[in-house]
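Structure first, commentary second.
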């Protein structure tokens, strides 16, 4: 038996057949029995050195790859069903490496109802993961295009922590390479804060409980997941809805950990929050009547939800501090800006 | 508007909404309205320099990426419905590059009923394509595991031509780099043969008409698509079914073009056929009664179908020449053979 076939045999134990999975990994395609109705489908690709740090642990990579896709379904208000996982990797990493990735993805996906159904392996100069995930909207799907003037704007969790975590991870790796101990270099950060920031980048929590509740209970008019920074993704939601999103500086949820890290690095925490990326929190809008119901339910979503602004007539996304407005829709990193 | 958003806008014109595609590219996930029933789902990853030649034309890459996945559905007897396309690429290739890939994939997919529904873009050191495709079996799904002793073995098309085409493409590229003209170096090959071999590698034809007919009309007991060489994939079918597949040397369909190329290169064409890979033909088995119906219908599949062997009790895949049997299940290239 060769390497790929051995891999498929091992992966099969991660994807037991039964219930709606009629035929899992090991044939030309997976077979899934499915009731009628809408399918919400998403795909993401993660490239080593671009979307994650070189030499990241494989199980954590697998967890992150599926979490990023789960976040897209959360932003549609969809319950996950199945996913396909394709892995490209350098042969020198050995046969256990892709299996550890698959194990991490299957475990993390399983926590949210997403089952591994199949995928592909290829050799590659560096690790590349591609996930395709689908599920079923819990109620009317949460589109980006439903926001209207007068709506309120909400944000889950503490965006900016992932960007801080990435910077911290890079710094710690550099310290380790020099042989110095990290804690000595970050007296401003408690060990708990450090762990919180690192986890925000490495092991994001998809906001499925929140997203599916928003859809099921019709509590939101539009939603997007924050993958490229709150500013840029607010701009996308605004553009899809044909409205202006106004974020209020004083209302943005800066965590203690983000504040401490930003102070230590002499950065504005609001910049990390708006331009950071990789947060996988939800940014969403609600009409005043939805907002009233939402705020009454806010303990039930498994995530902090903060009112951060309002929707106005116009176009774009701005940060308002009571005196002036700053365009934030172009903040942050766009991997694919031509020529940049 | 930034690069990724501009890409999404351009891709939208390739994926018009309507019919069952409720919401295409540009939101967090695609939304597809679907009737109840089985879903056949498959994914493949193609890496530059591993699965295709460096600097291949982007439209042709897109065509090939979707064709490889369509072939998996053909081998299940499934009609394609939708696909997601993720593209990693070096920024220096410019913003038109991924769009050309998407255009090629959408055009080729459209020929077989597969519609682009969404995907992802990432920066990467070299081009990586990941496709996830799903569809619906036309009848009972064609599994790898249904072959039984007494069945006959069939093969579509002319496997081995893709492997010859890959060698030819590499040779022509080397000639071009030296400034010599290719025709002068391959007097044994007609220009038509050359084109046929190159196309077999670069632009494979998924055998959907054949696969869906086998499923709909229950003409096959098991099927697999030939991606890693007839020998290795015959071994996989044999293993899944718990049988021995015997391929008869004299019956294997060696095309004129493959014969001419093999003669020019001093190779055995049967070795290219068994060990070559990248053919995307179908290898399938049929009971004697299925075989009789199949052979009566063989003009209707849009592809040559050749009887190439038989299924026996036992295990493995062998090439028989009337005197001896050679194990062929380990022939060919396995990208992931540990330590190889």
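Chains as they are written, first to last, in the numbering used here: chain A, 28 to 367; chain B, 28 to 367.
We treat Cβ as the ideally placed atom computed from N, Cα and C, and that holds for glycine.
Remember, it's a predicted structure, so these values are computed and weren't measured experimentally.
Can a CB atom of chain B be found closer than 9 Å to the CB of residue i?
i: residue 81/A; result: no
i: residue 266/A; result: yes
i: residue 231/A; result: no
i: residue 305/A; result: no
i: residue 64/A; result: yes
i: residue 152/A; result: yes
i: residue 78/A; result: yes
i: residue 73/A; result: yes
i: residue 197/A; result: no
Residues bridged to residue i by DSSP?
i: residue 64/A; result: 61/B
i: residue 72/A; result: 157/A
i: residue 253/B; result: 308/B
i: residue 115/B; result: 149/B, 155/B
i: residue 283/A; result: DSSP, once it has assigned bridges, lists no residue as partnering residue 283/A.
i: residue 163/B; result: 106/B
i: residue 333/A; result: 182/A
i: residue 52/A; result: 54/A
i: residue 45/A; result: 48/A
i: residue 220/B; result: Bridge partners of residue 220/B: none, in fact.
Measuring straight from C-alpha to C-alpha, what distance separates residue i and residue j?
i: residue 277/A; j: residue 235/B; result: 59 Å
i: residue 223/A; j: residue 147/A; result: 33 Å
i: residue 151/B; j: residue 117/B; result: 5 Å
i: residue 200/B; j: residue 87/A; result: 41 Å
i: residue 319/A; j: residue 53/B; result: 29 Å
i: residue 300/A; j: residue 342/B; result: 60 Å
i: residue 252/A; j: residue 75/B; result: 31 Å
i: residue 355/B; j: residue 258/B; result: 5 Å
i: residue 55/B; j: residue 103/A; result: 6 Å
i: residue 385/B; j: residue 312/B; result: Given a span of 28 to 367 for chain B in the structure shown, any question on residue 385/B remains unanswerable.
i: residue 238/A; j: residue 250/A; result: 8 Å
i: residue 183/B; j: residue 219/B; result: 21 Å
i: residue 273/A; j: residue 196/A; result: 32 Å
i: residue 315/B; j: residue 63/B; result: 34 Å
i: residue 244/B; j: residue 84/B; result: 38 Å
i: residue 158/B; j: residue 114/A; result: 12 Å
i: residue 325/B; j: residue 110/B; result: 30 Å
i: residue 206/B; j: residue 198/B; result: 12 Å
Is the shortest distance between the beta-carbon of residue i and the beta-carbons of chain A less than 9 Å?
i: residue 242/B; result: no
i: residue 211/B; result: Confidence at residue 211/B is low in this model, with a pLDDT of 47, below 50, so the placement of that residue should be treated as unreliable; the coordinate-derived value is given next. Not an interface residue.
i: residue 255/B; result: yes
i: residue 69/B; result: yes
i: residue 317/B; result: no
i: residue 113/B; result: yes
i: residue 171/B; result: yes
i: residue 149/B; result: yes
i: residue 128/B; result: no
i: residue 164/B; result: yes
i: residue 61/B; result: yes
i: residue 92/B; result: no
i: residue 103/B; result: yes
i: residue 15/B; result: This structure gives no information on residue 15/B, because the portion of chain B shown stretches from 28 to 367.
i: residue 216/B; result: no
i: residue 31/B; result: yes
i: residue 297/B; result: no
Drop a sphere of 10 angstroms on the beta-carbon of residue i, count the other beta-carbons inside from all chains shown, and report buried for 16 or more, exposed for fewer.
i: residue 98/A; result: buried
i: residue 317/B; result: buried
i: residue 106/A; result: buried
i: residue 67/B; result: buried
i: residue 283/B; result: exposed
i: residue 247/A; result: buried
i: residue 82/B; result: exposed
i: residue 329/B; result: exposed
i: residue 40/B; result: exposed
i: residue 144/A; result: buried
i: residue 254/A; result: buried
i: residue 176/A; result: exposed
i: residue 351/A; result: exposed
Compute the minimum distance between the beta carbon of residue i and the heavy atoms of the ligand HEM, and state whether it is under 8 Å.
i: residue 176/B; result: The model on display carries no ligand, and the ligand HEM is accordingly not part of it.
At least 3 beta-carbon pairs within less than 8 Å: the segment 161-178 of chain A vs the segment 70-81 of chain A: Segment contact: the segment 161-178 of chain A against the segment 70-81 of chain A, fewer than three CB-CB distances shorter than 8 Å; contact not assigned.
Touching by the beta-carbon criterion (3+ pairs, under 8 Å), the segment 180-188 of chain B and the segment 306-319 of chain B: Enough Cβ pairs lie closer than 8 Å, so yes.
Meets three-Cβ-pair contact criterion under 8 Å: the segment 81-92 of chain A and the segment 137-150 of chain B: Too few Cβ pairs lie closer than 8 Å, so no.
Cβ contact check for the segment 31-48 of chain B and the segment 272-290 of chain A: 3 or more pairs under 8 Å: These segments do not touch.
Stretch-stretch touch, CB-based, cutoff 8 Å, three pairs: the segment 117-131 of chain A with the segment 264-275 of chain A: When C-beta atoms of the segment 117-131 of chain A are compared with those of the segment 264-275 of chain A, fewer than three pairs fall below 8 Å, so the two segments do not count as touching.
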